[in-house]
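Undergrad: Here the sequence shown stands for residues 1 to 462, where the numbers follow my numbering.
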Amino acid sequence: MAIQRLLIANRGEIAVRIIRAARELGLHSIQVHSQADRDSLAVRLADEAIDIGPPQAAKSYLKIEAILDAAQRTRADAVHPGYGFLAENADFADAVEAAGLAFVGPTGATIRLLGDKVSAREAAAKAGLKTVPGSQGRIEPGEAAGALAEEIGFPLLIKAAAGGGGRGIRIAHDLAEFERFVPQASAEARAAFGDGGLYIEKLIARARHIEVQVLGDGERVVHCFERECSLQRRRQKVWEEAPAATLSDTTRQSLCESAVALAKSVNYRGAGTLEFLYDEATGKSYFLEMNTRIQVEHPVTEMITGIDLVREMIRIADGEPLRLRQEDIRVRGHAIECRINAEDPLNGFAPDPGQVEALNMPGGPGVRFDTLLYPGYAIPPFYDSLLGKLIVHDQDRASALSRLRRALREFRIEGVKTTAPLHRALAEDAAVRAGEVHTSFLEQWLEREAPRLAQYGEVDHP
Ligand code: ADP
Ligand code: ADP
Ligand code: MG
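(1) Indicate whether T419 and F369 have their beta-carbon atoms separated by less than 9 Å.
(2) Give every residue of the same chain whose Cβ lies closer than 6 Å to the Cβ of E280, excluding the five residues on either side of it in the sequence, and list them in chain order.
(3) Any contact of the region 381 to 395 with the region 359 to 368, i.e. 3+ C-beta pairs under 8 Å?
(4) When DSSP labels each residue in this structure, what does G115 get in the three-state scheme?
(5) Confirm the yes/no value for this check: CB of A98, any heavy atom of ligand 1, distance under 8 Å.
(6) Between I340 and the rest of its own chain, which residues show a CB-CB distance below 8 Å, the 5 nearest in sequence each way excluded?
(7) How about the region 194 to 214 and the region 427 to 439: do they share at least three Cβ pairs that are nearer than 8 Å?
(8) Would you say G272 and L324 are within 9 Å of each other, going by their C-beta atoms?
(9) By the DSSP assignment, the alpha helix (DSSP H) with H423 in it spans what residues?
(10) Under 8 Å: does the beta carbon of K202 sit that close to some heavy atom of ligand 2?
(11) Tell me whether the region 184 to 199 and the region 142 to 161 touch, counting them as touching only if at least three CB pairs, one residue from each stretch, are closer than 8 Å.
(12) Taking only heavy atoms of ligand 1 into account, decide whether any of them is closer than 8 Å to the Cβ of R234.
(13) For I152, collect the residues of the same chain with a Cβ closer than 7 Å to its Cβ; drop the 5 residues on either side in sequence, then sort them by chain order.
(14) Taking M313 and V118 to be in contact with their CB atoms under 8 Å, please state how far apart those CB atoms are, rounded to whole angstroms.
(15) When the cut-off is 9 Å and only beta carbons count, does H298 lie next to chain C?
(16) For K284, which residues does DSSP report across the bridge?
(17) Of all the options R167, K237, G82 and A261, which has the alpha carbon lying nearest to the alpha carbon of A127?
(18) Starting from the C-beta of L156, find all residues in its chain whose C-beta is less than 8 Å away, skip the five residues before and the five after it, and write them out in chain order.
(19) Could you tell me which residues DSSP puts in a beta bridge with H28?
(20) Could you pull out every residue in the same chain whose Cβ sits closer than 6 Å to the Cβ of R190, ignoring the five residues on either side in sequence?
(21) Can you say whether N347 is buried or exposed, counting buried as having 16 or more other CB atoms within 10 angstroms of its CB?
(22) With distance defined between alpha-carbon atoms, name the residue in I50, I30, L27 and H28 nearest to R38.
(23) Does any heavy atom of ligand 3 sit closer than 8 Å to the C-beta of N291?
(24) Please report the Cβ distance between Y374 and L41, rounded to the nearest whole angstrom; I am assuming they are in contact, meaning their Cβ atoms lie under 8 Å.
(25) DSSP has S34 in a bridge; who is on the other side?
(26) Per DSSP, what are the beta-bridge partners of L156 in this structure?
(27) Relative to the C-alpha of L446, which candidate in R233, N267 and K237 has its C-alpha closest?
(28) Can you tell me whether DSSP reads Q232 as helix, strand or coil?
(29) Which of the three DSSP states, helix, strand or coil, is assigned to F441?
(30) Spatial neighbours of A95 within its chain, please: CB distance less than 8 Å, with the 5 preceding and 5 following residues excluded, ordered by chain position.
(31) Could you check where the beta strand (DSSP E) with K389 kicks off and where it finishes?
(32) On the three-state DSSP scale, how would you describe A162?
(33) Could you tell me which residues DSSP pairs with Q136 in its beta bridges?
(34) How is M361 classed by DSSP in three states: helix, strand or coil?
(35) Using the Cα positions of L453 and P345, report the straight-line distance between them to the nearest angstrom.
(36) Measure how close the beta-carbons of A242 and T292 come, nearest whole angstrom, since I'm counting them as under 8 Å.
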């Protein structure tokens, strides 16, 4: 391997995940950290750590010069961006390569094309994919946009071209709302993403979120099948599964082939995910967006395929051609992931950072817990609330659900309120167990069930 010293330009559980892959490949791992993350698990696990600035992400994890400077000082030869922060920043990818380092991800040009959701829709349409009915290109506030909105029909979504992480999306129920929201949404998008560009999409109600994992080496592209991520709150995933249990083989094959077609059309390099909405009522699926990075929920795919996606990403960045052939990638069993956040589901999901007192992490057969937690850790209040991901794998979905219930019982944390009670309740729910879910399911479910979550607290054991 030409890469020997990998700088991890991220934090939290994904930094830990990348350090593990680096170590297994025999690489030296260098962990950047803000002043609030000196005591993080990633800093403790890495071979080397370097301070990049104050706690606020804008002054550390989002600061391109600070990260490049750290890379130079530590003589890194490659940079892994993880997810969030600079992972989908094309200028960052370009700057890393201009400094003579390998960027573990696609080229800046690919990120620019696919990271902008409007140009991604155009690239998808060109590759023959069906996109959600909506505007061609960005909309400009004014009469033409209103006429287009009426033509598409209400309710519709006003979306930020640069949006992500569930932010930058608004629903308009009629023309009056539409005209009122467009300028607001544009100002918000400019403030949040530095780009006020908007587009509109028809609202696909009661659809499933299905996404396809791909790996490309710049020439060849393979898919690693799909994930179902319909359980969402505020358009953020909460629980993910692989494969999508209720999908027919024909639909599965067509989604996976579409994903490969788009990735191939841009000579995709690295790991990427194509997101789709699947409308079971009509049997139609629509391309939503492509994420040009490793995703939070990648472990469910790793569990069912046996592929180490992070290791593959690093090999690809090293210039190695893909080792995988499509016909060798097979699905074995079923995997489920629950995102454990430092949020109190009994109190409107209020953030609850704090000091971890008691901690019991689940284990045993078919259980994986990717986390930033250790006993005594003081969770800093500055970042994303994700504490860890509980992933289970078993022969089929029913046994994976039993395993999940068992593992969630073993999980115990004191000092911090988490979303574990929500997952315990979901794992018992008849509709969830039957797989009868869609992207609005969880919010509707919470309206009914939230008061009952108290009975799903931690079980008292060492
Ligand atoms: P995934 O797409 O991997 O399922 P999320 O949507 O939860 O995961 O995003 C992972 C992290 O990346 C979150 O912290 C989210 O806020 C952040 N994120 C994703 N896309 C963007 C973006 N375009 N701009 C800023 N942050 C983003
Ligand atoms: P982000 O970049 O924030 O992940 P996405 O475009 O992927 O934004 O959408 C996030 C979520 O919002 C989807 O998983 C889905 O639940 C919902 N959503 C997005 N677009 C639509 C749509 N046209 N109709 C219905 N739901 C949508
Ligand atoms: Mg998305």
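Heads up, the beta-carbon is just placed ideally off N, CA and C, and yes, glycines get one too.
The structure displayed is predicted, hence computed values, not measured ones.
TA: With the given structure in hand:
(1) In the sequence shown, the residue the question calls residue 419 occupies position 419. In the sequence shown, the residue the question calls residue 369 occupies position 369. Result no, Cβ atoms of T419 and F369 do not sit closer than 9 Å.
(2) Along the sequence shown, read from residue 1 onward, the residue named residue 280 stands at position 280. So no residue of the chain qualifies.
(3) yes
(4) The residue you call residue 115 lines up with position 115 of the sequence shown. Helix, per DSSP.
(5) Within the sequence shown, the letter at position 98 stands for residue 98. Not under cutoff, so the answer is no.
(6) What you label residue 340 is simply residue 340 of the sequence shown in a count that begins at 1. T371, L386, L387, G388, K389, L390, F411, T418, T419, A420 and H423.
(7) yes
(8) Within the sequence shown, numbered from 1, the residue matching residue 272 stands at position 272. Within the sequence shown, numbered from 1, the residue matching residue 324 stands at position 324. No, these two residues do not count as a Cβ contact at 9 Å.
(9) Sequence index remark: in the sequence shown, residue 423 carries index 423 (1-based). Where H423 is concerned, the enclosing alpha helix (DSSP H) stretches over A420 to E428.
(10) What you label residue 202 is simply residue 202 of the sequence shown in a count that begins at 1. Correct: K202 has its Cβ closer than 8 Å to ligand 2.
(11) yes
(12) The count along the sequence shown starts at 1 and reaches residue 234 at position 234. Outside the cutoff, so no.
(13) Within the sequence shown, the letter at position 152 stands for residue 152. Taking I152 as the centre and dropping the five residues before and after it, the same chain places the C-beta of P133, G134, I200 and K202 closer than 7 Å to its C-beta, in chain order.
(14) The residue you call residue 313 lines up with position 313 of the sequence shown. The residue you call residue 118 lines up with position 118 of the sequence shown. About 26 Å; that fails the 8 Å criterion.
(15) In the structure shown, chain C cannot be found, because there is only a single protein chain.
(16) Against the sequence shown, residue 284 aligns to sequence position 284. K284 pairs with D279.
(17) As a first step, residue 127 is located in the sequence shown; it is residue number 127 there, counting from the start. Ranking the options by Cα distance to A127, first place goes to A261.
(18) The residue labelled residue 156 in the question sits at position 156 within the sequence shown. Same-chain partners within the cutoff: G134, A149, I171, A172, F178, I200, E201, K202 and L203.
(19) If you number the sequence shown from 1, residue 28 lands on position 28. DSSP output for H28 lists R5 as bridge partner(s).
(20) In the sequence shown, counting from the first residue as 1, residue 190 sits at position 190. Here the set comprises G196.
(21) Within the sequence shown, the letter at position 347 stands for residue 347. It is exposed - the Cβ of N347 has fewer than 16 other Cβ atoms within 10 Å.
(22) Here residue 38 refers to the residue found at position 38 of the sequence shown. If we check each option's Cα against that of R38, I50 comes out closest.
(23) Your numbering for residue 291 matches position 291 in the sequence shown. Within the cutoff, so yes.
(24) On the sequence shown, residue 374 is found 374 positions in, with the first residue counted as 1. On the sequence shown, residue 41 is found 41 positions in, with the first residue counted as 1. Right, the Cβ-Cβ distance comes to about 6 Å (below 8 Å), so this counts as a contact.
(25) By 1-based counting over the sequence shown, the position of residue 34 is 34. Residue pairing from DSSP places S34 in a beta bridge opposite G53.
(26) Position 156 of the sequence shown, counted from the start, is the residue given in the question as residue 156. Partner(s): A172 and K202.
(27) Sequence index remark: in the sequence shown, residue 446 carries index 446 (1-based). Looking only at R233, N267 and K237, the smallest Cα-Cα distance to L446 is reached by R233.
(28) If you number the sequence shown from 1, residue 232 lands on position 232. Strand, per DSSP.
(29) One-based indexing of the sequence shown puts residue 441 at position 441. The answer is helix: DSSP assigns F441 an H, G or I state.
(30) Reading the sequence shown from its first residue, position 95 is the one you call residue 95. Closer than 8 Å at Cβ, skipping near neighbours: I64 and L68.
(31) Within the sequence shown, the letter at position 389 stands for residue 389. Taken as a continuous stretch (DSSP letters only), the beta strand (DSSP E) holding K389 covers L386 to D394.
(32) The residue labelled residue 162 in the question sits at position 162 within the sequence shown. The answer is strand: DSSP assigns A162 an E or B state.
(33) The sequence position of residue 136 within the sequence shown is 136, counting from 1. According to DSSP, which records beta bridges pairwise, Q136 is partnered with nothing at all.
(34) Locating residue 361 in the sequence shown gives position 361, counting from the first residue. In this structure, M361 counts as coil in the three-state DSSP scheme.
(35) For the purposes of this step, residue 453 is taken as the residue at position 453 of the sequence shown. For the purposes of this step, residue 345 is taken as the residue at position 345 of the sequence shown. Between L453 and P345, the alpha-carbon positions lie close to 8 Å from each other.
(36) Residue numbering aside, residue 242 sits at position 242 when the sequence shown is read from its first letter. Residue numbering aside, residue 292 sits at position 292 when the sequence shown is read from its first letter. In fact, because the Cβ distance is near 20 Å, the residues do not count as touching under 8 Å.
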